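Just so we're aligned: the sequence shown equals residues -20 to -1, 1 to 297 in mature numbering (1 follows the signal peptide of the UniProt record, and there is no 0).
Built from N, CA and C at the ideal position, the CB exists for glycine as well.
Treat the numbers as computed from the prediction; the structure is a model and nothing was measured.
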Amino acid sequence: MLVVAAVALLAAACGATPEAAPFQLPAENRLPAGATVLTSAPSQRADPACNPTASLRPQGAQPQPGAMPAGSTMAAIVASGKIRVGVNQNEFLFGYRNPATGEIEGFDIDLAREVARDLFGDPNRVELKPIETSNRVQALTKGQVDMVVQSFSATCARRKDIQFSSVYFETDQRVLVTKGSGIHSAADLGGKKVCGIPNSTTLEAVFALPQRPIVIGIENWLDCLTALQQGEVDAASTDLPLLYGLEIQDPNLEVVGDAMASDSYAIGIQQQATDFVRFVNGVLERVRSDGTWQRLYNQRLSVLGPSNGPPAPKYSD
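Below is the structure:
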């Protein structure tokens, strides 16, 4: 006891202030398995100098469905009979499993089917492979899927390992809370528990807040929703359409605050498949120009309000 007292007196004499112990999850909590306290941003955006939203220009006229150039990535996919697509099954509006049918549906799923339409002449030639958000890059680098269509933000850090199509959707980031929580904007999150997905771009804006929240990493948004409903976290923060998808499922929730950051969704493709990047960009050109993009928006995303139309593509060559 004398030693402890002496150390305390010495610290006081030197003006030292003991650092607060890092927040740890209590032994008894109702968070899903694997939930963890995150202590640093994942740095997914990295240096934007690479122009992350610029992609490869489509190369001339698109080949006819089922008649892909010999030796191309597209020919190999057609020969396999289906295109393997990494998707989400927990993001209402973009990619979710419809409880009435058991089928995965959403805006991202519809876009994946448009790629299959131009490859095979049949939009149903897709093998939808649900993957966790944090494993999207890994699924491509390990060859587990041919492309990822999963509200996937194009960033320079990710471009070190994979390629991206041109952007097909743009949005910004907000905060989701329980009504009456007293949280009205991101400025009110200091010291609050906020859930997010590990390795996602939207965590960086949360960690950048002047008053640091306690960031809880949870693997998917349905589990984040449950944690918010049970009061295990105070808020969730990610892209606006994903938050609206959660809000629709629970009228006791509300989206609050101004934009914290912006994101641009693109299709992730294996690094070596340059020909397939150009092909997919040709598909997206058709989808923009023939009204398909707007039709899919009206069908899946009208809850977000009137659209400004599809984003204009940016090409690097």
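Residue i versus residue j: straight-line alpha-carbon distance, rounded
{"i": "TYR148", "j": "VAL125", "result": "20 Å"}
{"i": "SER287", "j": "ALA15", "result": "35 Å"}
{"i": "ASP214", "j": "ALA241", "result": "20 Å"}
{"i": "ASP219", "j": "GLN153", "result": "4 Å"}
{"i": "THR81", "j": "ASN104", "result": "16 Å"}
{"i": "SER20", "j": "SER114", "result": "15 Å"}
{"i": "ALA29", "j": "ARG116", "result": "23 Å"}
{"i": "GLY101", "j": "PHE87", "result": "20 Å"}
{"i": "PRO293", "j": "SER269", "result": "12 Å"}
{"i": "GLY289", "j": "THR151", "result": "12 Å"}
{"i": "GLN143", "j": "ASP243", "result": "17 Å"}
{"i": "LEU281", "j": "LEU223", "result": "12 Å"}
{"i": "PRO49", "j": "GLN42", "result": "10 Å"}
{"i": "ILE163", "j": "ILE228", "result": "19 Å"}
{"i": "ILE247", "j": "SER60", "result": "20 Å"}
{"i": "PRO12", "j": "THR135", "result": "29 Å"}
{"i": "SER133", "j": "GLU83", "result": "25 Å"}
{"i": "VAL267", "j": "VAL128", "result": "18 Å"}
{"i": "ASN78", "j": "SER165", "result": "32 Å"}
{"i": "MET(-20)", "j": "ASP168", "result": "The pLDDT assigned to MET(-20) is 39, lower than 50, so where the model puts this residue is not dependable, and the model offers no usable value."}
{"i": "GLN39", "j": "ARG138", "result": "24 Å"}
{"i": "LEU276", "j": "GLU212", "result": "35 Å"}
Heavy atom of the ligand PLP within 7 Å of residue i beta-carbon
{"i": "GLU83", "result": "Absence of the ligand PLP from the depicted structure is noted, as is the absence of any ligand whatsoever, leaving it without description."}
The alpha helix (DSSP H) enclosing residue i, as first and last residue numbers
{"i": "GLU94", "result": "87 to 100"}
{"i": "ARG154", "result": "ARG154 -> not in any alpha helix (DSSP H); beta strand (DSSP E) instead, spanning 149 to 158."}
{"i": "VAL58", "result": "53 to 60"}
{"i": "THR206", "result": "201 to 209"}
Contact check, residue i vs residue j, beta carbons under 8 Å
{"i": "LEU18", "j": "LEU183", "result": "yes"}
{"i": "LEU233", "j": "VAL283", "result": "no"}
{"i": "GLY66", "j": "GLN130", "result": "yes"}
{"i": "VAL106", "j": "ALA119", "result": "no"}
{"i": "GLY170", "j": "ARG192", "result": "yes"}
{"i": "SER145", "j": "ILE63", "result": "no"}
{"i": "GLN209", "j": "ASP230", "result": "yes"}
{"i": "residue 299", "j": "LEU99", "result": "The question about residue 299 has no answer here: the residues shown for the chain are numbered -20 through 297."}
{"i": "ILE89", "j": "LEU73", "result": "no"}
Segment limits, beta strand (DSSP E) that includes residue i
{"i": "PRO221", "result": "Taken as a continuous stretch (DSSP letters only), PRO221 belongs to no beta strand (DSSP E), being part of the alpha helix (DSSP H) at 220 to 229."}
{"i": "VAL67", "result": "63 to 67"}
{"i": "VAL213", "result": "Element bounds for VAL213: n/a, residue is neither H nor E."}
{"i": "SER244", "result": "242 to 245"}
{"i": "LYS109", "result": "106 to 110"}
{"i": "ILE194", "result": "194 to 197"}
{"i": "THR19", "result": "That residue, THR19, is in no beta strand (DSSP E); it is neither H nor E in DSSP."}
{"i": "GLY75", "result": "75 to 77"}
{"i": "ALA234", "result": "The sequence given here places Glu at residue 234; Ala does not occur at that position. Residues 233 to 236."}
Closer than 8 Å to chain B by CB, residue i
{"i": "GLN279", "result": "This model lacks chain B altogether; it includes just one protein chain."}
Would you check if there are 3 or more beta carbon pairs closer than 8 Å linking the segment 168 to 178 to the segment 193 to 209?
Verdict: yes, contact present.
For the structure I just gave you, are there three or more beta carbon pairs, one from the segment 246 to 264 and one from the segment 41 to 58, closer than 8 Å?
The segment 246 to 264, when compared against the segment 41 to 58, does touch it at the 8 Å Cβ threshold.
Whole alpha helix (DSSP H) elements within the segment 113 to 186, 4-residue minimum
You should have 116 to 121 and 136 to 139.
Segments of 4+ residues assigned as alpha helix (DSSP H) that fall wholly inside the segment 247 to 285
Fully contained in the segment 247 to 285 are the following alpha helix (DSSP H) runs of length 4 or more, in chain order: 254 to 269 and 272 to 280.
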